[in-house]
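What follows is one structure encoded as structure tokens, with my remarks underneath.
Protein chains: 4
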Amino acid sequence: MEIFSGIYGRGPVQAELTDAAFLQAMLDVEVALARALVRCGLADQANADELAAACRDACTFDAAEIGRSTADKGTPVPGLLAAVRARVGERAGAILHRGATSQDIVDTAMMLVARRALPILLAELAGAAEACAAAAREHRHTLMAGRTLMQQALPITFGLKAATWLIGLTAARNALACVCDHVLAVQFGGAVGTLGALGDRGLDVMSSLAAQLELADPQLPWHTVRARPVRLAGALGETLGAMAKVALDLVLLAQTEVGEAAESPRAGRGGSSTMAHKRNPVGAIAVRACAERAPGLVSAVLTSAAAQEHERAAGAWQGEWAPLLELVSLAGSAATALKETLSILDVDATRMGQNLEALLRSPEVREQLAPDGSDGALDPGQYLGVAEQLIDRALAAHEATGDG
Amino acid sequence: MEIFSGIYGRGPVQAELTDAAFLQAMLDVEVALARALVRCGLADQANADELAAACRDACTFDAAEIGRSTADKGTPVPGLLAAVRARVGERAGAILHRGATSQDIVDTAMMLVARRALPILLAELAGAAEACAAAAREHRHTLMAGRTLMQQALPITFGLKAATWLIGLTAARNALACVCDHVLAVQFGGAVGTLGALGDRGLDVMSSLAAQLELADPQLPWHTVRARPVRLAGALGETLGAMAKVALDLVLLAQTEVGEAAESPRAGRGGSSTMAHKRNPVGAIAVRACAERAPGLVSAVLTSAAAQEHERAAGAWQGEWAPLLELVSLAGSAATALKETLSILDVDATRMGQNLEALLRSPEVREQLAPDGSDGALDPGQYLGVAEQLIDRALAAHEATGDG
Amino acid sequence: MEIFSGIYGRGPVQAELTDAAFLQAMLDVEVALARALVRCGLADQANADELAAACRDACTFDAAEIGRSTADKGTPVPGLLAAVRARVGERAGAILHRGATSQDIVDTAMMLVARRALPILLAELAGAAEACAAAAREHRHTLMAGRTLMQQALPITFGLKAATWLIGLTAARNALACVCDHVLAVQFGGAVGTLGALGDRGLDVMSSLAAQLELADPQLPWHTVRARPVRLAGALGETLGAMAKVALDLVLLAQTEVGEAAESPRAGRGGSSTMAHKRNPVGAIAVRACAERAPGLVSAVLTSAAAQEHERAAGAWQGEWAPLLELVSLAGSAATALKETLSILDVDATRMGQNLEALLRSPEVREQLAPDGSDGALDPGQYLGVAEQLIDRALAAHEATGDG
Amino acid sequence: MEIFSGIYGRGPVQAELTDAAFLQAMLDVEVALARALVRCGLADQANADELAAACRDACTFDAAEIGRSTADKGTPVPGLLAAVRARVGERAGAILHRGATSQDIVDTAMMLVARRALPILLAELAGAAEACAAAAREHRHTLMAGRTLMQQALPITFGLKAATWLIGLTAARNALACVCDHVLAVQFGGAVGTLGALGDRGLDVMSSLAAQLELADPQLPWHTVRARPVRLAGALGETLGAMAKVALDLVLLAQTEVGEAAESPRAGRGGSSTMAHKRNPVGAIAVRACAERAPGLVSAVLTSAAAQEHERAAGAWQGEWAPLLELVSLAGSAATALKETLSILDVDATRMGQNLEALLRSPEVREQLAPDGSDGALDPGQYLGVAEQLIDRALAAHEATGDG
């Protein structure tokens with residue numbers, strides 16, 4: 007719903023997840039199929055061109071009507087085909103969808119939607135990661151209390167904390183990039199996975215589809231073997247979790263009694279309608295709201311993946327669509343919210359120092375920091391261990407990551 | 007997305023789950039609050055009337071703009087209040103939202119949306135249940151094979167199978183009706199749950215809200231004690247599960263090799279785009295697709311419910327909204343699909359008999375059905391046990407259920 | 007595993023969840039069945055007595071061997087029956103399990119295990135609730151900062167916070183008690199749910215089972231209509247969520263920078279192995295660890311409930327067993343941990359006052375607490391609204407609850 | 007519980023998941039740490055040797071007592087350390103655990119347990135995959151009906167179906183092998199992740215740990231950045247899903263009315279206690295029971311991963327342990343069950359042919375198989391498309407997989 011879009015549906019990824027975008031992806035698959043048929047000598051160029059012209063703009067199709075047709079057919083493809091056929095001549099209509107089954111189109115369109123959305127998501131994540139990297143660089147020496155089980159434990163630097171956030175984001179970006187490059191694949195098997203309608207050219211058509219759509223060539227159809235949706239969902243779940251970790255720390259640091267980091271006040275943002283003194287961490291909250299929903303959605307995809315009967319599932323497949331799209335949407339929304347939040351983060355190094363000082367006054371802590379009796383508590387170099395090297399490692403991994 | 011609406015978003019419940027419906031619910035809560043203030047002597051009738059007039063039609067508000075404002079505020083309420091205030095005089099604006107906090111409005115609106123959607127859902131379920139009841143009555147004596155672990159076991163009647171479906175639907179209806187009457191409640195606590203801004207009249211205002219909105223009076227605010235959303239989600243999850251059981255049996259009975267029940271062919275429905283001989287059980291498939299998503303959504307609500315900090319949660323609360331609304335939507339969609347499917351179900355009693363005959367030919371089965379050596383297999387009365395009494399019990403429970 | 011038992015497997019509930027306890031429950035069901043047959047004139051008293059004697063002590067059976075037999079049979083019942091038959095004469099062996107199917111025994115045993123464990127769980131929860139009630143009474147006037155979105159907002163009392171915890175626990179206790187009294191039921195349907203082997207006495211046998219085992223008489227078998235496991239799981243999920251909310255607040259209040267509540271130090275407890283200055287909230291952490299696992303387990307039960315084929319499921323039913331038992335175990339462990347933690351909670355009212363003071367110094371807050379210009383901030387009576395009445399309501403509901 | 011071990015806890019993987027195995031893993035980590043300290047000049051060889059001798063056999067430690075200690079400490083490590091120190095001299099005791107925090111030990115032990123269990127799991131999976139490969143080879147030309155939405159659609163071969171199962175298992179094996187080699191890593195950060203107690207040698211100690219334990223060297227500690235457990239859980243979830251797909255097909259093929267494949271009857275197996283004519287697919291059912299539980303467990307790990315506060319989580323971390331171990335156990339149990347089931351699978355090619363014949367009699371099907379009017383239905387070569395090539399591809403991928 008639009009009414010919650012600032013929480014759940016923010017940022018540039020969302021434009022790839024509309025009805026029109028999905029419809030366009032299905033149309034693009036059908037057009038690519040027609041062109042592949044041409045390349046394999048199974049259709050005429052002119053007919054493929056006519057189809058391509060008719061399928062150019064999804065916005066000219068009636069998504070609502072096609073949507074209603076899914077009630078009678080179980081997928082939007084027959085409704086879509088009827089609409090396309092109404093726009094083209096009989097010959098072009100005759101090659102439309104040749105050799106394919108509905109699931110080929112919907113699965114490939116889903117992959118294509120992800121293929122288009124993920125680079126945008128990756129760019130948003132890169133922005134968030136870069137903000138962490140900047141904080142890691144800037145606050146390399148900013149001392150603060152390390153906290154375990156929510157208790158102050160021993161000193162760290164804010165740079166190390168930011169570097170830790172960074173490695174989570176970097177790992178997630180690498181996982182998503184790997185999915186984008188290797189997991190998102192064409193689906194093409196025809197009615198029962200044999201590509202029987204295309205004689206001995208089925209695999210050539212599949213390869214052509216993959217090349218045209220910039221998706222992986224899957225070797226075999228995967229109608230009921232669902233590792234691909236599972237891995238896409240898993241990488242998105244990991245990504246939302248990595249962002250949630252940052253958001254959780256931000257919310258904790260922003261607590262009135264801690265006060266070590268907060269979103270900058272700006273017009274309208276974060277202010278409470280009734281309590282002007284509050285600086286609500288609304289960006290971090292939006293990230294958490296999105297991420298909170300991820301594990302359930304991933305489990306829905308996993309559940310569906312395990313329940314795909316014979317050569318095409320009777321319900322489980324249809325159950326995958328929404329959770330997959332929702333995960334992409336939530337990851338996008340969270341990434342945008344996190345990037346924004348980190349970009350306006352006020353880090354209060356003074357407050358960090360004050361909070362830490364209270365810790366360093368404890369005799370047990372002094373003893374631990376400098377067991378030799380020297381006043382180690384005054385010499386961070388003695389007790390920060392390898393913090394700087396860890397920061398360097400996190401930065402190096404970040405910088406080695408493609409979209410960084 | 008509209009493109010899948012025939013699967014995920016079917017039937018009359020959906021109209022209660024639009025942006026406009028949620029917006030209207032929030033407006034209705036604000037108006038009820040103004041009227042409650044009047045009743046408690048805390049506001050003037052004229053101002054409340056002015057607010058009521060301004061809030062009459064949610065469609066005149068810009069859901070997208072309010073939605074975007076949630077990014078800055080964490081809830082749609084401040085955006086909504088600004089829009090209302092722009093339409094009324096200063097005095098009416100001054101009593102708007104008095105004593106309330108944003109969460110009071112969103113939570114109560116969520117309950118109100120459910121309060122409006124559930125009776126419609128219950129009516130759809132009643133339709134599905136009545137179809138089961140009709141089948142139980144009609145097929146009281148229709149013999150078929152009972153199957154355990156997917157193996158033919160011993161005879162039952164199709165009437166008993168339908169009665170078993172019926173008790174699941176009846177239990178779900180009773181659970182939902184109980185939630186509707188007792189669990190859906192007003193939320194009203196003000197900024198930190200003390201109703202501090204209303205002096206000693208806070209509880210009277212809360213009671214008035216409950217009476218006006220036909221929601222339960224909750225005794226205490228439940229800002230971070232979330233049994234109510236959990237129970238709503240749980241009952242919806244149970245309902246989707248009860249429907250999924252019916253759909254699973256329908257899909258199994260419709261298998262080519264079993265052929266005991268199928269959706270009637272009718273214009274356009276169930277036919278395969280490429281395989282005219284198939285009679286795809288598309289209604290049952292839609293039910294399963296909806297139900298497949300439920301456990302993950304229920305778990306999301308449970309996860310959020312357990313993570314609500316202090317007097318208002320920082321993310322977990324916002325994470326509840328979509329899963330709750332999605333569950334209502336899916337239950338509604340599945341109920342409509344199931345009602346339709348059951349209403350056009352072709353039961354093939356002859357095929358049931360033929361499948362059973364194969365079973366009754368087995369010597370082990372004959373022995374078991376009539377260990378005394380008589381030809382018990384020819385006398386169903388001997389081996390159907392209490393099947394008829396069970397059917398009667400299921401029907402009696404069905405008939406005792408409110409909406410039946 | 008035992009190695010984590012202090013986290014996951016604590017307290018008196020666990021004794022009801024051992025192999026021996028489950029085995030005993032199955033034996034008790036078989037014995038109750040034999041006695042029911044006697045009452046219905048379908049078996050001799052002497053044979054039933056012989057069976058009862060043989061089934062008296064589950065510890066004399068080999069759980070591991072019976073467990074291994076589930077690989078060949080899909081349930082532990084055939085293995086158990088063989089072991090019992092080896093102990094009794096042929097006549098007694100002949101009436102053993104008469105009329106029943108394996109699922110009747112396992113389902114009823116599961117209900118019986120829950121029936122025995124839940125009162126113990128309820129007693130632990132009552133202890134936790136009483137500790138909250140005591141805190142609500144004692145700290146009725148203890149001022150502290152109310153916090154929303156983790157920001158100090160306006161004053162509340164610690165008594166109100168404890169009362170809020172209390173209503174969550176009270177609601178959970180009522181839900182569990184309702185499940186215990188009305189949902190936990192006998193399963194009895196025979197091979198395909200018709201009770202065909204018992205002629206016209208099947209329902210009388212079912213009623214006798216219910217009466218003997220103190221379980222509900224379910225009217226119909228529920229082999230593949232799984233509202234009962236779903237509701238048991240749901241109530242346990244709600245209970246774990248209610249406890250997690252308290253634990254979350256405790257962990258937040260125990261933060262070094264907040265310091266408003268902590269578990270009392272005592273021998274060995276909560277101390278860090280390497281950081282003696284910390285007072286780790288280990289009880290609250292154990293509660294959270296248990297609760298964190300609940301939503302996934304509830305979703306597993308919901309998933310299984312929706313996938314039960316025909317007259318007996320081929321896998322989904324077996325998938326229910328562990329999640330259900332795990333939920334009971336975790337709820338028990340968390341309840342014991344929470345009760346203990348609350349019983350040794352050091353509430354630091356002075357620190358609460360200091361933290362609040364900082365808040366009350368804010369001009370915006372002063373303005374809000376006393377818009378008339380008086381120094382409202384000095385007069386809690388002016389801004390605590392109905393806090394005391396809310397506490398009274400929570401206490402009244404608590405005191406009206408059975409096990410309180 | 008042992009009582010269900012034939013379903014949930016079967017096969018050789020389980021031995022790696024006992025209390026003793028986890029305890030031994032923790033001891034091995036402590037010993038490796040001592041040796042690493044020696045290598046870095048931070049401890050004496052003799053002391054490390056003394057520790058190693060004391061830690062050689064986990065069975066000599068009291069798992070129950072250490073388990074109880076987790077209630078007071080939140081992890082089993084302090085209890086374990088106390089037990090080890092009681093066995094060694096003061097000097098050896100002094101170097102024990104030097105530089106480490108409890109989480110370092112538990113996390114690394116968890117990884118080590120997985121590192122030891124996964125190769126065994128992979129071998130079981132290789133057995134199942136090889137059985138699929140054998141079926142794909144043997145039944146390359148065995149015609150059967152392809153079924154979509156549970157309706158007979160067009161012909162395939164059983165070889166292609168087995169090849170499809172195979173690609174799911176191959177993908178899962180590759181995913182698990184990748185996790186085993188690259189994701190399972192040492193955890194080592196000390197109290198707050200800086201390795202502060204080891205001066206500038208912390209990273210060398212970490213590398214030595216990795217080398218000794220054959221785990222990846224993680225570059226940075228990952229105390230609260232949980233991609234590793236998430237990926238382990240995800241790969242196990244994918245694996246269980248791939249197995250569940252095979253089991254689902256097996257259960258469907260084994261239906262009385264389909265009868266195309268069944269587990270061979272053998273002493274005791276699959277027979278019903280009361281219905282001798284049934285051939286219950288108990289192996290497939292066990293696989294499904296295990297797999298049914300996976301999505302909820304994966305979601306639990308994801309939920310925990312997203313909620314890890316600051317430098318060590320207060321509950322979420324402890325919540326990960328059981329789901330991770332449970333997933334390994336269930337994957338192992340399912341793999342053994344699946345391998346066994348496939349190894350005793352009776353494929354009934356005659357019945358496949360009969361079922362298909364019914365399909366081929368349909369005029370619509372004949373038309374589709376041979377639109378040119380020839381009797382294509384008699385010539386499978388015409389309509390099986392690229393089925394053989396697909397089988398070859400699946401076999402090639404299988405043969406290229408390490409453990410195959």
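From first to last, the protein sequence lines stand for chains A, B, C and D. 272 is the number that the working numbering gives to position 266 of the first sequence; each next residue is one higher, with no gaps. 43 is the number that the working numbering gives to position 37 of the second sequence; each next residue is one higher, with no gaps. 90 is the number that the working numbering gives to position 84 of the third sequence; each next residue is one higher, with no gaps. 34 is the number that the working numbering gives to position 28 of the fourth sequence; each next residue is one higher, with no gaps. Just so you know, even glycine gets a beta-carbon here, dropped at the ideal spot from N, CA and C. Given the structure is predicted, the values throughout are model-derived calculations rather than measurements.
Step through the CB atoms of chain C and report whether any lies within less than 9 Å of the CB of residue i.
i	result
K345(B)	no
I13(D)	yes
G410(A)	Because G410(A) sits at a pLDDT of 39, beneath the cut-off of 50, its placement in the model cannot be relied upon, and the following sentence gives the value as read from the coordinates. It does not; no Cβ of chain C falls within 9 Å.
Within 10 angstroms of the Cβ of residue i, are there 16 or more other Cβ atoms? Answer buried if so, exposed if not.
i	result
C61(A)	buried
E363(B)	exposed
C65(B)	exposed
G165(B)	buried
Whole-angstrom Cβ separation of residue i and residue j, contact assumed at under 8 Å?
i	j	result
A139(B)	R179(B)	No, A139(B) and R179(B) are not in contact; Cβ-Cβ is about 12 Å, not under 8 Å.
T154(B)	V198(C)	6 Å
L2(D)	A239(D)	Within the shown structure, residues of chain D are numbered from 7 to 410, placing residue 2(D) beyond reach of any answer.
Using three-state DSSP, classify residue i as helix, strand or coil.
i	result
L258(B)	helix
M7(D)	coil
V293(D)	helix
V288(D)	helix
G265(C)	coil
I162(D)	strand
T154(A)	strand
D352(D)	strand
Establish whether the CB of residue i and some CB of chain D are separated by less than 9 Å.
i	result
I72(C)	yes
I291(B)	yes
Against chain A, with Cβ distances strictly below 9 Å, would residue i count as a contact?
i	result
T148(C)	no
M117(B)	no
G80(D)	yes
H404(C)	no
Using beta carbons (cut-off 9 Å, strictly below), is residue i in contact with chain B?
i	result
Q261(C)	no
If I measure Cβ to Cβ from residue i and keep anything under 7 Å in the same chain, skipping five residues before and after, which residues do I get?
i	result
A4(B)	Missing from the structure shown is residue 4(B); chain B here goes from 7 to 410 and no further.
Q3(B)	Summary: the structure shown does not reach residue 3(B), with chain B confined to residues 7 through 410, and so no result is reported for it.
L149(C)	P161, T163, M358, G359, L362, P386
Among the residues of its own chain, which have a CB less than 8 Å from the CB of residue i, if the five just before and after it don't count?
i	result
V119(D)	E22, L23, A27, F28, A31, L331, V334
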